[in-house]
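**Student:** Residue numbers (the UniProt record's numbering): 1 to 562.
Would you mind keeping the following structure in view while I ask a few things?
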C-alpha cells in the first residue's frame, strides 16, 4: 500500500495551533517550570550528598576506632608477655641468645609487629628482636621512657602509646607501646616496648571504600598524631583544614579502653565536586528543555513541509526497495534453477558411469566364462574365483546405480543379494545360507568394496570347503554394531572345522591350492577397510568355524541408519 494512502484522516493537532503569542506563552511557562524543577532537584541532591558524606564519615570512624581498639589490645597482650619474660623484680634482664629467641618467637607470629625492645633503668638497650647482639642505644630522653620512669599520670605501670617519626633501623614511622618492667616498690627497673608498623594499619584504611577524598587520623588524648592516612588531593587533617579555612565534615570516635581518638574528615569541596558532577545532569536537562522550547515555534510552521518531504522520500525508498527485492528474488530463483540443473546433470552422469561400469564388468564376466569353457582344471578353478570377484564388484555397481545416494550403499541389502547369488552358483553340498542383518547399514563405497570382497571370499570358501563329506550344513552371516561407531561381520559355519595345523588352516580358510590367494587376500582387504579379522575354531579341531571381521570405526561420512 502506498504510504500516502495512510493519510486519510484529519490533520494533526499541530496544524491547528493558535498564534505566536500563545506559542510564546506556552514556551515561557515550560521554560520556567523546567528551570524550577531542575533547581529544586539540584538543591535536594546537594543536601542528600552532604548527609551521605556525614553518614560515611561516622561509619568509617566507628570502624577505625574498633580496629584501633583490637590492634592495641593484641599488641598490649604481646607487650605484657614481653614484661613477663623479663622476669621478676630481682631478676637480671635477659640479654643472652636464649632470651632473644623467646622474644623473636613473639614477633614472628604477629605480622604487624616490627620489633620488641628491653631497656634498663638508665635507658640502655638490653635486647631487641631486630638483631643479635643488641646494638648500643640509649633512649633516656624519649617521651615513653621519661613517662614510665617519672611515673606521671600516663605511666606508673600503665600502658603508654606514642609515635616515632622515623626509626633508624626500619626507616619508617612506628607506633610504640611501652610498659614498665616489674620492679620493687619505689624502684624503676626498665621499660619493655613493642613497635607496630603503621603500614599494616594504612593498608586496612586504604581498603575502605570511600566516594570522596578523606583523611583518617588516630590521635592521643593530648592531640599527638599517631597515624594519619589521606586519600585524594583535597584530603587534609582537621587541624590543617581549620587553619586553611577549608570546611570539612568530621566524625570523631573515642577508642575503647585506651586514651585514643579516631577521626575521619571529608573535605566539603570533595563532596561538592561529586555533587557538581551530578549537577551537570540537571543543567543538561535544562539546556535540552530550552532548546526544545526554542525550536517549537519553528516546528509548528515547518512540520507540514518536512512531513511531506519525508513522506515522499520514504515512498521513493519503499518503491526502490520493492523493485530491488523483486530483482534479487528473480536472480536467486534463476541461480537456484541453474544449481538444481547442474546437480541433476551430475547425478545423471554418475548414474550413467555406474551403469557403464556394471555393463563392462558383466561383459568381462561373459568373456571369462567363454574362456573358462576352453581350459581344464585347475586353471578353470582360478578363472571361476576371478569371475566370482568381478561379479561381486558388478553387484556393488548395480546397487550404487539404484541407490538414491550415488556414493553410498546399504551394506546389509548388498550382503543379502551377494549371499543369494553365491548359494545359487557355488553350493556343491546344498548348504543352507542365512543372513542376519536386522537393520540397514549405510557405508561409503570406498569402505564397502573391500568388506564386500572379504564377505565373498569367506562365504564362498565355506560353501566349497566347510562340508567336504557332502552332507548339507548351515552357514550364517551376521552384521552387528560394535561400540558407538563400529560394525562387526561374523561368518560362521557348522562344518568340519579348522585343524590346529597352520597349513591346514590356510587351506581350509582360502583353498590355497586352488586359488593361490589365500588368507593374504583377506588380510590385505581388511587393512584397506580398516578392519581386523579373527578366526575362532575348536581347540581340538572339532566342527564349526567363525570368521569375525571387526570394523572399530566407520569412515566419518558413514552413519548407521535409524
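Note that CB positions come from ideal geometry on N, CA and C, so glycine has one too.
Quick caveat: nothing in here was measured; it's all calculated off a predicted structure.
Go ahead and pull the three-state DSSP assignment for residue 221.
**Tutor:** Residue 221 falls in the coil class under three-state DSSP.
**Student:** What does the alpha-carbon distance come out to for the pair residue 79 and residue 66?
**Tutor:** About 20 Å.
**Student:** Nearest-angstrom Cα distance between residue 427 and residue 464?
**Tutor:** C-alpha separation (whole angstroms): 7 Å.
**Student:** Beta carbon of residue 521, beta carbon of residue 482: below 8 Å?
**Tutor:** No.
**Student:** Kindly indicate which three-state DSSP category residue 151 falls into: helix, strand or coil?
**Tutor:** DSSP places residue 151 in coil when its eight states are reduced to three.
**Student:** I'd like the span of the beta strand (DSSP E) that includes residue 255, first residue to last.
**Tutor:** No beta strand (DSSP E) contains residue 255, which DSSP labels as neither H nor E.
**Student:** Does DSSP put residue 188 in a helix, a strand or coil?
**Tutor:** If DSSP states are grouped into helix, strand and coil, residue 188 belongs with coil.
**Student:** If distances are taken between C-alpha atoms only, which option among 165, 174, 182 comes closest to residue 81?
**Tutor:** Among 165, 174, 182, the Cα nearest to that of residue 81 is on 182.
**Student:** Quick check on residue 283: buried or exposed, where buried means 16 or more other Cβ atoms within 10 Å of its Cβ?
**Tutor:** Exposed, by the Cβ-count rule.
**Student:** When we look at the beta-carbon of residue 281 and count the other beta-carbons within 10 Å, is it buried (16 or more) or exposed?
**Tutor:** Residue 281 should be labelled exposed.
**Student:** Going by alpha carbons, who is nearest to residue 479 out of 230, 416, 467?
**Tutor:** For the residues 230, 416, 467, the minimum Cα distance to residue 479 belongs to 416.
**Student:** Excluding five sequence neighbours on each side, which residues of the same chain lie with their C-beta closer than 6 Å to the C-beta of residue 49?
**Tutor:** Closer than 6 Å at Cβ, skipping near neighbours: 271, 275.
**Student:** Determine contact between the segment 103–111 and the segment 204–221, defined as no fewer than three beta-carbon pairs at a distance below 8 Å.
**Tutor:** Not touching, per the Cβ criterion.
**Student:** Is the separation between the beta-carbon of residue 61 and that of residue 288 shorter than 8 Å?
**Tutor:** The answer is no: Cβ separation not under 8 Å.
**Student:** Starting from residue 198, follow the beta strand (DSSP E) in both directions and report where the run begins and ends.
**Tutor:** Looking at the DSSP string, residue 198 is not in any beta strand (DSSP E); the run it does join, the alpha helix (DSSP H), is 198–206.
**Student:** Excluding the 5 residues preceding and the 5 following residue 118 in the sequence, name in chain order all residues of the same chain whose CB lies nearer than 7 Å to its CB.
**Tutor:** So the list reads 86, 93, 126, 127, 190, 192, once near-sequence residues are dropped.
**Student:** May I ask which residues mark the beginning and end of the alpha helix (DSSP H) holding residue 550?
**Tutor:** Counting along the chain, residue 550 falls outside any alpha helix (DSSP H), though it belongs to the beta strand (DSSP E) covering 545–551.
**Student:** Compare the C-alpha of residue 422 against each of 131, 225, 406, 385 and name the closest.
**Tutor:** Comparing Cα positions, the closest option is 385.
**Student:** Going along the chain, which residues of its own chain have a beta-carbon closer than 6 Å to the beta-carbon of residue 154, five neighbours each way excluded?
**Tutor:** Note that residue 154 scores a pLDDT of 40, beneath 50, so its modelled location is shaky; the value from the coordinates is reported in the next line. Answer for residue 154: 147, 160, listed in chain order.
**Student:** Skipping 5 residues on each side, what residues in its chain have a beta carbon closer than 6 Å to that of residue 515?
**Tutor:** Because the pLDDT at residue 515 is just 42, under 50, the model does not fix this residue reliably, and the value given afterwards should be weighed accordingly. 385.
**Student:** Any idea which residues DSSP pairs residue 163 with across the strands?
**Tutor:** Bridge partners of residue 163: 175.
**Student:** Any idea if residue 496 is buried or exposed, counting beta-carbon neighbours within 10 angstroms, 16 or more meaning buried?
**Tutor:** Burial call: buried.
**Student:** Is the number of C-beta pairs between the segment 428–440 and the segment 524–539 that are closer than 8 Å three or more?
**Tutor:** The segment 428–440 is not in contact with the segment 524–539.
**Student:** For residue 486, which three-state DSSP category applies?
**Tutor:** Of the three classes helix, strand and coil, the one that applies to residue 486 here is strand, per DSSP.
**Student:** Which residues does DSSP pair with residue 251 in a beta bridge?
**Tutor:** Residue 251 pairs with 264.
**Student:** Count the other CB atoms, across all protein chains shown, that sit within 10 Å of the CB of residue 43; report buried if there are 16 or more and exposed otherwise.
**Tutor:** With fewer than 16 other Cβ atoms within 10 Å, it is exposed.
**Student:** In the DSSP assignment, find the unbroken alpha helix (DSSP H) run with residue 461 in it and report its ends.
**Tutor:** Taken as a continuous stretch (DSSP letters only), the alpha helix (DSSP H) holding residue 461 covers 445–465.
**Student:** Is residue 531 helix, strand or coil when you go by DSSP?
**Tutor:** Coil.
**Student:** Helix, strand or coil: which one does DSSP assign to residue 397?
**Tutor:** Note: residue 397 maps to helix in three-state DSSP.
**Student:** Counting C-beta neighbours from all protein chains within 10 Å, is the total for residue 327 16 or more, i.e. buried, or is it exposed?
**Tutor:** Result: exposed.
**Student:** Let me confirm a value: residue 137 is counted as buried when at least 16 other C-beta atoms fall within 10 Å, else exposed. Which label applies?
**Tutor:** It counts as exposed.
**Student:** Rounding to the nearest angstrom, what Cα-Cα distance links residue 459 and residue 425 in this structure?
**Tutor:** The alpha-carbon atoms of residue 459 and residue 425 are separated by roughly 12 Å.
**Student:** Just grab the DSSP bridge partners of residue 49 for me.
**Tutor:** DSSP, once it has assigned bridges, lists no residue as partnering residue 49.
**Student:** Alpha carbon to alpha carbon, what distance is there between residue 151 and residue 89?
**Tutor:** Cα to Cα, the separation comes out at about 17 Å.
**Student:** How long is the line joining the alpha carbons of residue 308 and residue 30, rounded to whole angstroms?
**Tutor:** Going by the C-alpha atoms only, they are around 29 Å apart.
**Student:** Cα separation between residue 134 and residue 95?
**Tutor:** When rounded, the distance between both Cα atoms is 8 Å.
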